[in-house]
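Undergrad: Please find one structure pasted underneath; my questions will follow.
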Amino acid sequence: MARRTVTVIAGLLVAGLTLGPVAAVIWRGAAWSALAPGDWLAIRFTLVQAVLSAALSVLFAVPVARALARRQFVGRGLLVALLGAPFILPVIVAVLGLLAVFGQSGLVNAALRWAGLPEVTIYGMHGVIIAHVFFNLPLAVRMILQGWLAIPAERFRLAATLGLPGGQVFRVLEAPMLLRIAPGAFAVIFVICLSSFAIALTLGGGPRATTVELAIYQAMRFDFDLARASMLAVIQLALALAAGVFALRVSSVAGFGVGRDRVVMRWDGGGLARGLDVIWIAMVAAFLLTPLAMVVLRGVPGLFLLGPSVWQAAGHSVLVALGSTFLCLLWALPLATRRGELVGLAGIAVSPLVLGTGLFLILRPFVNPLDYALVVTGVVNALISLPFALRILRPEAEAVRTDYARLGAALGLSGWAWLRWVLVPRLRRPLGFAGGLTAALSMGDLGVIALFADPDHATLPLKVYQLMGAYRMEAASGAALLLLALSLGLFWLFDRGGRVDAKA
Amino acid sequence: MLRLEGVQVIEGDFTLSADFELRPGERIAVIGPSGAGKSTLLDVIAGFRVPEAGRVLWGGQDLTAVVPGRRPVGMLFQDNNLFPHLSVERNLGLALRPGGGRLSPAEDARVAEALSRVGLEGLGARRPGALSGGQQSRAALARVLVQDRPVMLLDEPFAALGPALKAGMLDLVAEVAGAVGALVVLVTHDPEDARRFAQRVVLVADGVAAAPVETEALFADPPEALRAYLG
Chain A
6 MARRTVTVIA GLLVAGLTLG PVAAVIWRGA AWSALAPGDW LAIRFTLVQA VLSAALSVLF
66 AVPVARALAR RQFVGRGLLV ALLGAPFILP VIVAVLGLLA VFGQSGLVNA ALRWAGLPEV
126 TIYGMHGVII AHVFFNLPLA VRMILQGWLA IPAERFRLAA TLGLPGGQVF RVLEAPMLLR
186 IAPGAFAVIF VICLSSFAIA LTLGGGPRAT TVELAIYQAM RFDFDLARAS MLAVIQLALA
246 LAAGVFALRV SSVAGFGVGR DRVVMRWDGG GLARGLDVIW IAMVAAFLLT PLAMVVLRGV
306 PGLFLLGPSV WQAAGHSVLV ALGSTFLCLL WALPLATRRG ELVGLAGIAV SPLVLGTGLF
366 LILRPFVNPL DYALVVTGVV NALISLPFAL RILRPEAEAV RTDYARLGAA LGLSGWAWLR
426 WVLVPRLRRP LGFAGGLTAA LSMGDLGVIA LFADPDHATL PLKVYQLMGA YRMEAASGAA
486 LLLLALSLGL FWLFDRGGRV DAKA
Chain B
3 MLRLEGVQVI EGDFTLSADF ELRPGERIAV IGPSGAGKST LLDVIAGFRV PEAGRVLWGG
63 QDLTAVVPGR RPVGMLFQDN NLFPHLSVER NLGLALRPGG GRLSPAEDAR VAEALSRVGL
123 EGLGARRPGA LSGGQQSRAA LARVLVQDRP VMLLDEPFAA LGPALKAGML DLVAEVAGAV
183 GALVVLVTHD PEDARRFAQR VVLVADGVAA APVETEALFA DPPEALRAYL G
């Protein structure tokens with residue numbers, strides 16, 4: 006029964022670390038009077054931008070997914086794989102890339118100036134939405150592409166035999182699928198955008214473009230108004246829970262599954278449709294790849310400007326990433342069951358800034374919370390990554406139990422021997438993948454750390470943000486490139502570690 | 003003496019009752035139509051299934067509440083008898099030391115002896131996947147051998163082998179079990195296996211695991227249920 010004890014301890018720790026901070030903010034903040042007038046604007050902006058971001062992501066995803074589902078071309082597999090990359094891309098890196106394209110001295114404005122047209126600014130609501138679409142369009146494309154590829158090829162063959170024109174094929178086969186998948190994609194993206202912090206912090210701000218998460222940060226850092234921050238955290242919690250329930254209701258698809266890389270043979274859509282498909286694929290590739298190319302291009306010269314404080318921050322980030330990966334996997338192994346996954350889901354419902362605010366309130370009577378910035382960041386990142394890790398590990402862990410629990414019991418294996426010789430070796434690949442995701446997410450996180458950090462405890466994403474704030478864009482670009490390399494490098498190392506020598 | 007005393011298994015419509023004794027060192031076959039409860043009977047003896055009523059006794063000791071790993075029972079399943087990511091030696095080592103510790107030289111020698119007993123000398127470093135089907139069966143048998151339990155349960159473990167290989171394996175089981183004096187209970191759907199291997203046969207049909215009958219006598223004058231099964 007020792008195994009069950011470990012599971013219960015892990016479950017209680019996770020539940021305590023999420024519910025404790027929640028209790029703290031509710032206890033501290035349950036009073037509407039604490040709110041400032043601007044906070045109502047923040048609530049409205051949060052909802053409006055989430056609706057628009059989700060709607061636009063899904064809207065653009067439909068033609069792109071359709072094009073990817075029915076065209077075969079060189080680099081298609083790579084493009085589909087790249088659609089998974091934004092998940093591990095640090096937000097601040099993407100923001101720098103988007104600035105290099107849409108910002109004051111970016112490519113778009115250079116072109117507009119050359120054509121004699123008025124310039125655009127990326128700051129404000131539309132900037133926030135562009136960034137959200139940048140991150141979530143790929144997710145929507147992957148979800149809808151899965152739906153497309155799940156339509157049996159025989160149906161398309163039947164449609165071809167009947168000689169149905171393209172419009173009819175869409176009405177009979179594709180529209181029903183979209184009606185099934187698109188609401189789920191919309192809901193998932195809506196939930197993600199609802200707790201947007203880093204993007205609002207860098208591209209939003211001001212009374213017209215402040216999310217609730219950003220308002221929590223401002224109440225804490227600028228006004229040190231704990232009552233107001235707590236009340237905002239309660240509101241954020243309520244929004245996220247309501248949206249989460251809504252998302253669970255409407256989404257029947259797995260949000261983070263891997264798309265099957267298969268092209269369905271189609272007999273409709275020559276000529277004009279073909280041209281449109283090519284244009285959609287080219288546009289989405291340009292929209293996603295140009296910012297990343299700009300990060301690399303502008304980052305290389307900046308690499309030589311990196312001071313010791315950047316390297317120190319990079320060291321902090323690597324430590325935090327490794328720590329939260331270790332913690333997350335330590336929790337995930339015993340919790341990789343159906344009930345455990347429910348416990349882990351708390352990490353999705355409770356946003357990082359709500360957790361951070363709660364932990365701040367809990368720590369403050371005893372210690373100076375700022376001294377524990379890195380530890381708190383590591384713990385919160387582990388909690389936030391836990392649902393993803395469990396999503397990856399649970400099916401495989403259950404398969405191991407189905408296949409070998411009887412053999413283990415017949416041998417009378419101890420809990421330790423089961424873990425050391427059976428569970429961990431059998432789970433190497435998903436453990437590597439989950440570890441890589443956690444490490445990359447934690448490495449690029451710009452959330453709790455902003456709430457807690459002082460200059461001595463900066464992580465690399467925060468350092469990039471500080472450099473941007475000081476208008477040292479070259480150094481910021483260099484640090485962003487370093488951050489990108491470290492995030493992808495950590496992901497690669499873990500993921501590869503799970504694959505190497507993984508026989509039968 | 004392995005004694006099933008008033009054992010009753012009930013699961014929805016399915017019921018199985020058993021009340022009989024098996025002697026140490028004898029070879030028993032369990033036959034009967036599929037779904038009748040042959041594997042369930044083995045699960046009750048091995049401890050994977052707690053009966054709704056009755057007791058399982060070994061030499062007067064009540065096993066009913068004992069977990070599978072602590073029973074005087076080694077079991078060969080239909081599949082998944084070895085961990086595929088571990089070498090055969092490591093698999094046998096875990097059977098000897100379920101705590102996962104290092105083997106002493108004496109225990110190493112036992113592993114090597116079990117391997118040579120089943121004709122797998124020098125193949126201990128391989129993973130199960132690198133062995134042929136027949137060799138995998140032998141390695142699984144070696145795993146039960148090192149466990150050195152007085153009762154061996156075989157739940158159609160050789161069903162995937164061809165007829166000649168299967169016959170060879172049954173002879174090998176009879177030989178090694180005889181050498182250590184173990185009681186062997188073999189579940190099979192093939193009457194030929196029962197004839198070749200077993201001294202006595204337990205017929206499972208119509209919700210009852212009948213008391214064992216001498217093999218020759220049973221097949222010479224099959225009861226109604228067995229006749230229906232043999233067709």
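First to last, the protein sequences are chains A and B.
Residue numbers for the first sequence follow the working numbering, so the first one is 6 and each next one is one higher.
Residue numbers for the second sequence follow the working numbering, so the first one is 3 and each next one is one higher.
Note that beta-carbon positions come from the ideal geometry of N, C-alpha and C, so glycine has one too.
Taking the C-alpha atoms as reference points, what is the distance between R77 of chain A and A105 of chain A?
TA: Checking the sequence shown, residue 77 of chain A turns out to be Gln, not Arg. Approximately 31 Å between the Cα atoms of the pair.
Undergrad: Assign L24 of chain A to one of two classes, buried (16 or more other C-beta atoms within 10 Å of its C-beta) or exposed (fewer than that).
TA: L24 of chain A is exposed by the Cβ-count criterion.
Undergrad: Residues in the same chain with beta-carbon distance under 6 Å from D157 of chain B, minus the five sequence neighbours each way, listed in chain order, please.
TA: Within the same chain, D157 of chain B has close Cβ partners S41, L44, F79, Q80 and V189.
Undergrad: Return the chain-ordered list of same chain residues with a C-beta closer than 7 Å to the C-beta of L22 of chain A, the five sequence neighbours on each side being excluded.
TA: Excluding positions up to five away in sequence, the list reads V384 and L388.
Undergrad: Consult DSSP for L6 of chain B and reduce its assignment to one of helix, strand or coil.
TA: Looking at L6 of chain B - three-state DSSP - the assignment turns out to be strand.
Undergrad: Quick one: residues in its chain with C-beta nearer than 8 Å to the C-beta of T17 of chain B, no 5 flanking neighbours on either side, listed in chain order?
TA: Contacts found: Q10, V11 and G209.
Undergrad: If the cut-off is 7 Å on Cβ atoms, which residues from the segment 398 to 429 of chain A count as contacting chain B, listed in chain order?
TA: Listed by position, the residues of the segment 398 to 429 of chain A near chain B (Cβ gap below 7 Å) are D408, Y409, R411, L412, A414, A415, L416, G417, L418, S419, W421, A422, R425, W426 and V427.
Undergrad: Any beta-carbon of chain A closer than 7 Å to the one on G37 of chain B?
TA: No, G37 of chain B lies away from the interface with chain A (no Cβ there is under 7 Å from its Cβ).
Undergrad: Taking 7 Å as the threshold (beta carbon to beta carbon), is L125 of chain B in contact with chain A?
TA: L125 of chain B does not count as touching chain A.
Undergrad: In the DSSP assignment, what residue or residues form a beta bridge with G210 of chain A?
TA: In the DSSP output, where bridge partners are listed per residue, G210 of chain A has A:A214.
Undergrad: Quick one: any contact between the segment 114 to 134 of chain B and the segment 476 to 496 of chain A, if contact means 3 or more CB pairs under 8 Å?
TA: Contact fails: fewer than three Cβ-Cβ distances are below 8 Å.
Undergrad: Measure how close the beta-carbons of F160 of chain B and S134 of chain B come, nearest whole angstrom, since I'm counting them as under 8 Å.
TA: No, F160 of chain B and S134 of chain B are not in contact; Cβ-Cβ is about 13 Å, not under 8 Å.
Undergrad: Can you give the Cα-Cα distance for G152 of chain A and M182 of chain A, rounded to whole angstroms?
TA: G152 of chain A and M182 of chain A: Cα-Cα distance of roughly 6 Å.
Undergrad: Could you check if K508 of chain A is buried or exposed, using at least 16 other CB atoms within 10 Å of its CB as the buried criterion?
TA: At K508 of chain A, the pLDDT of 49 sits below 50, so the modelled position is not reliable; the number obtained from the coordinates is stated separately. By the 10 Å Cβ count, K508 of chain A comes out exposed.
Undergrad: Hey, is F85 of chain B's beta-carbon within less than 7 Å of any beta-carbon in chain A?
TA: By this cut-off, F85 of chain B is an interface position.
Undergrad: Pick from B:A181, B:F221 and B:A212: whose alpha carbon is nearest that of R198 of chain B?
TA: The shortest Cα separation from R198 of chain B among B:A181, B:F221 and B:A212 belongs to B:F221.
Undergrad: Report yes if the CB atom of A238 of chain A is closer than 7 Å to the CB atom of T362 of chain A, and no otherwise.
TA: Result yes, Cβ atoms of A238 of chain A and T362 of chain A sit closer than 7 Å.
Undergrad: What does DSSP give as the partner residue(s) for W60 of chain B in the beta ladder?
TA: For W60 of chain B, which the question treats as bridged, DSSP gives the partners B:L4 and B:Q63.
Undergrad: What would DSSP say about D195 of chain B, mapped onto helix, strand or coil?
TA: Of the three classes helix, strand and coil, the one that applies to D195 of chain B here is helix, per DSSP.
Undergrad: Below 7 Å CB to CB, which residues in the same chain sit around L150 of chain A once its five sequence neighbours on both sides are set aside?
TA: A70, L73, A74 and G264, listed in sequence order.
Undergrad: In whole angstroms, what is the alpha-carbon distance linking H191 of chain B and G39 of chain B?
TA: Answer to the nearest angstrom: the Cα atoms are 12 Å apart.
Undergrad: With DSSP collapsed to three states, give me the class of R73 of chain B.
TA: Three-state result, R73 of chain B: coil.
Undergrad: If you drop the 5 nearest sequence neighbours on each side, which residues of the same chain put their C-beta closer than 6 Å to that of R343 of chain A?
TA: Nothing meets the Cβ criterion.
Undergrad: For chain B, check one thing: does any of its Cβ atoms lie closer than 7 Å to the Cβ of M6 of chain A?
TA: Residue confidence for M6 of chain A is low, a pLDDT of 45 falling below 50, so the modelled location carries little weight and cannot support an answer.
Undergrad: Which partner residues of F16 of chain B appear in the DSSP bridge assignment?
TA: In the DSSP output, where bridge partners are listed per residue, F16 of chain B has B:E13.
Undergrad: By the 8 Å beta-carbon criterion, what residues does the segment 175 to 189 of chain B contribute toward chain A?
TA: Against chain A - using a Cβ distance shorter than 8 Å - the segment 175 to 189 of chain B contributes no residues.
Undergrad: Please report the distance separating the alpha-carbon of F499 of chain A from that of A455 of chain A.
TA: Computed Cα separation, rounded: 27 Å.
Undergrad: From G307 of chain A to L366 of chain A, what does the alpha carbon distance come to, in whole angstroms?
TA: Their Cα atoms are separated by approximately 39 Å.
Undergrad: Would you tell me roughly how many angstroms separate the C-alpha atoms of A20 of chain A and P370 of chain A, rounded to the nearest one?
TA: One C-alpha to the other measures close to 22 Å.
Undergrad: Within 10 Å of its beta-carbon, does R92 of chain B have 16 or more other beta-carbons around it, so buried, or fewer, so exposed?
TA: Buried, by the Cβ-count rule.
Undergrad: Could you pull out every residue in the same chain whose Cβ sits closer than 8 Å to the Cβ of I156 of chain A, ignoring the five residues on either side in sequence?
TA: Answer for I156 of chain A: L178, E179, M182 and V269, listed in chain order.
Undergrad: Just checking my contact of D205 of chain A with V133 of chain A at CB under 8 Å: how many whole Å lie between their CB atoms?
TA: Checking the sequence, you will find Ala at residue 205 of chain A rather than Asp. Their Cβ separation, rounded to whole angstroms, is 6 Å, which keeps A205 of chain A and V133 of chain A in contact under 8 Å.
Undergrad: Note down, in chain order, every chain B residue with its Cβ under 9 Å from the Cβ of R431 of chain A.
TA: By Cβ distance, chain B contributes F85, P86 and H87.
Undergrad: Using a Cβ-Cβ cut-off of less than 8 Å, list which residues of the segment 148 to 162 of chain B approach chain A; keep chain order.
TA: Within the segment 148 to 162 of chain B, the residues whose Cβ lies closer than 8 Å to some Cβ of chain A are Q149, listed in chain order.
Undergrad: Grab the span of the alpha helix (DSSP H) containing V98 of chain A for me, first residue to last.
TA: V96 to F107 is the extent of the alpha helix (DSSP H) around V98 of chain A.
Undergrad: Check the DSSP bridge columns for F22 of chain B and list the partner residues they point to.
TA: Beta-bridge pairing links F22 of chain B to B:L6.
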